[in-house]
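Novice:
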Amino acid sequence: MAIRPIDIARRFKISTTTLRHYEDFGMIPDVKRSPNGYRIYTAEHIAYFLCIREMMCGFTLSEIAKILKPVLAKKVDEALWMANKAQAALHKDKYVCDQIKQRFVFKKNIAAPNEYSIDAVSKATGIIPSTIRYWDKIGLISAGRCAVNNYRTFTQAHIDEILMIQALKLSIRARGEKYTVEQIHKELHKLDFEDTEKISAIVAGIEIHLTALNKAQIRSISALYNLCNQVEQNQYDIG
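Offset between the sequence shown (1-based) and the numbering used here: plus 19.
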């Protein structure tokens, strides 16, 4: 059954140009053309359009395009694992947010040695070692060096800085903005780590954002799962 582009556009309240953009981004199956050059959409295309529109609440268009690429290749399990990876990253952000809250809002003291290895810092903060090394390299933090092997060493002050850097990143992201290293550096050095009221507000904003995004991603993954089932069965329900 051939379906006109204008009918699909009206159904999803988008323009036919947007439909073509999805095609250009490689997000839908190949579109055949009629003898006079018009695009011929089918129920399969509508199923993909429906999935894309529903996934947009929890993922960016580029993220959706990456996830749908294996679906188009009939590798639905690969796509579902990609979505799972996004959820794992979100859970990691939630863990870091909890660590920030414990340290700066509830003032949890950590009884520990004077110096930490990078692996110990990663475990304490939830931030991967490569990110910590990068922050040290660009000057967001300034790690010490072991006199014996020249490995990076860290103190509790470094851990506090690392947690706060991530808090500022998450806070900026929660506002729907993109951050720069310069912006993080500036905000980090003017922030009073003892200002519980301000930090509590930052954490609250992050928690609201992460909770909303979690719900949106679950809704998006539900749409993806529905499409994957249709692809596996080669039967498309366009409602």
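Glycine is no exception: its CB is placed at the ideal position from the N, C-alpha and C atoms.
All figures in this text were calculated on a predicted structure; none of them were measured in a lab.
#1: Does the ligand PLP have a heavy atom nearer than 6 Å to the CB of residue 51?
#2: Within this structure, are the beta carbons of residue 227 and residue 182 separated by less than 7 Å?
#3: To the nearest angstrom, how far is it from the Cα of residue 219 to the Cα of residue 177?
#4: Helix, strand or coil: how does DSSP classify residue 197 here?
#5: Taking one C-beta from the segment 140–149 and one from the segment 240–258 each time, how about it: are there three or more such pairs within less than 8 Å?
#6: Residue ranges of each alpha helix (DSSP H) run of no fewer than 4 residues wholly in the segment 115–153, ordered along the chain?
#7: Using C-beta distances below 7 Å, list every residue in its chain close to residue 145, excluding the 5 sequence neighbours before and after it, in chain order.
#8: With a threshold of 6 Å on Cβ separation, who are the neighbours of residue 135 within its own chain once the five nearest residues in sequence on each side are excluded?
#9: What is the DSSP secondary structure of residue 32, counted as helix, strand or coil?
#10: Assign residue 86 to one of three DSSP states: helix, strand, or coil.
#11: What are the boundary residues of the alpha helix (DSSP H) that residue 233 is part of?
#12: Which class does residue 23 belong to by DSSP, given the choice of helix, strand or coil?
#13: Does the beta-carbon distance from residue 240 to residue 102 come in below 7 Å?
#14: Taking C-alpha atoms, which residue in 200, 221, 58 lies nearest to residue 47?
#15: Excluding the five sequence neighbours on either side, which residues of its own chain have a C-beta within less than 8 Å of the C-beta of residue 157, listed in chain order?
#16: Work out the CA separation of residue 79 and residue 207 for me, nearest whole Å.
#17: Drop a sphere of 10 angstroms on the beta-carbon of residue 100, count the other beta-carbons inside from all chains shown, and report buried for 16 or more, exposed for fewer.
#18: From residue 26 to residue 230, what distance separates their C-alpha atoms?
#19: Name the DSSP beta bridge partners of residue 172, please?
#20: Would you call the CB atoms of residue 198 and residue 205 closer than 7 Å?
#21: Looking at the strands, I want to know which residues DSSP matches up with residue 58.
#22: For residue 97, which residues from the same chain have a beta carbon less than 7 Å from its beta carbon, with the 5 sequence-adjacent residues on both sides left out?
#23: Output the distance between the C-alpha atoms of residue 143 and residue 84, rounded to the nearest integer angstrom.
#24: Within this structure, are the beta carbons of residue 221 and residue 190 separated by less than 7 Å?
Specialist: Taking the definition as stated:
#1: With respect to the ligand PLP, the structure shown offers nothing to examine, as it has no ligands at all.
#2: Contact flag unset, no.
#3: So the alpha carbons of these two residues sit roughly 20 Å apart.
#4: DSSP, reduced to helix, strand and coil, places residue 197 outside both helices and strands of the structure shown, so it counts as coil.
#5: Counting C-beta pairs with one atom in each stretch, the segment 140–149 and the segment 240–258 have fewer than three that are closer than 8 Å, which means they do not touch.
#6: Secondary structure within the segment 115–153: the alpha helix (DSSP H) runs of 4 or more consecutive residues, fully enclosed, are 137–144 (chain order).
#7: Counting only Cβ-Cβ distances below 7 Å, and skipping sequence neighbours, we find 111, 114, 115, 118.
#8: Excluding sequence neighbours, residue 135 sits near 173.
#9: The three-state secondary structure of residue 32, taken from DSSP, is coil.
#10: Secondary structure of residue 86 (DSSP, three-state): helix.
#11: 215–252 is the span of the alpha helix (DSSP H), which, as asked, contains residue 233.
#12: In the structure shown, residue 23 sits in coil (DSSP, three-state: anything other than H, G, I, E or B).
#13: For residue 240 and residue 102, yes; Cβs fall inside 7 Å.
#14: Checking every option, the nearest Cα to that of residue 47 belongs to 58.
#15: Same-chain partners within the cutoff: 200.
#16: Cα to Cα, the separation comes out at about 28 Å.
#17: By the 10 Å Cβ count, residue 100 comes out exposed.
#18: Cα to Cα, the separation comes out at about 35 Å.
#19: Per DSSP, the beta bridge partners of residue 172 are 163.
#20: With contacts defined by Cβ atoms closer than 7 Å, residue 198 and residue 205 do not form a contacting pair.
#21: Residue 58 is bridged to 52.
#22: If we look at residue 97 and ignore the five residues flanking it on each side, its Cβ neighbours are 89.
#23: Between the C-alpha atoms of residue 143 and residue 84 there is a straight-line separation of about 34 Å.
#24: At a Cβ-Cβ threshold of 7 Å, residue 221 and residue 190 count as neighbours.
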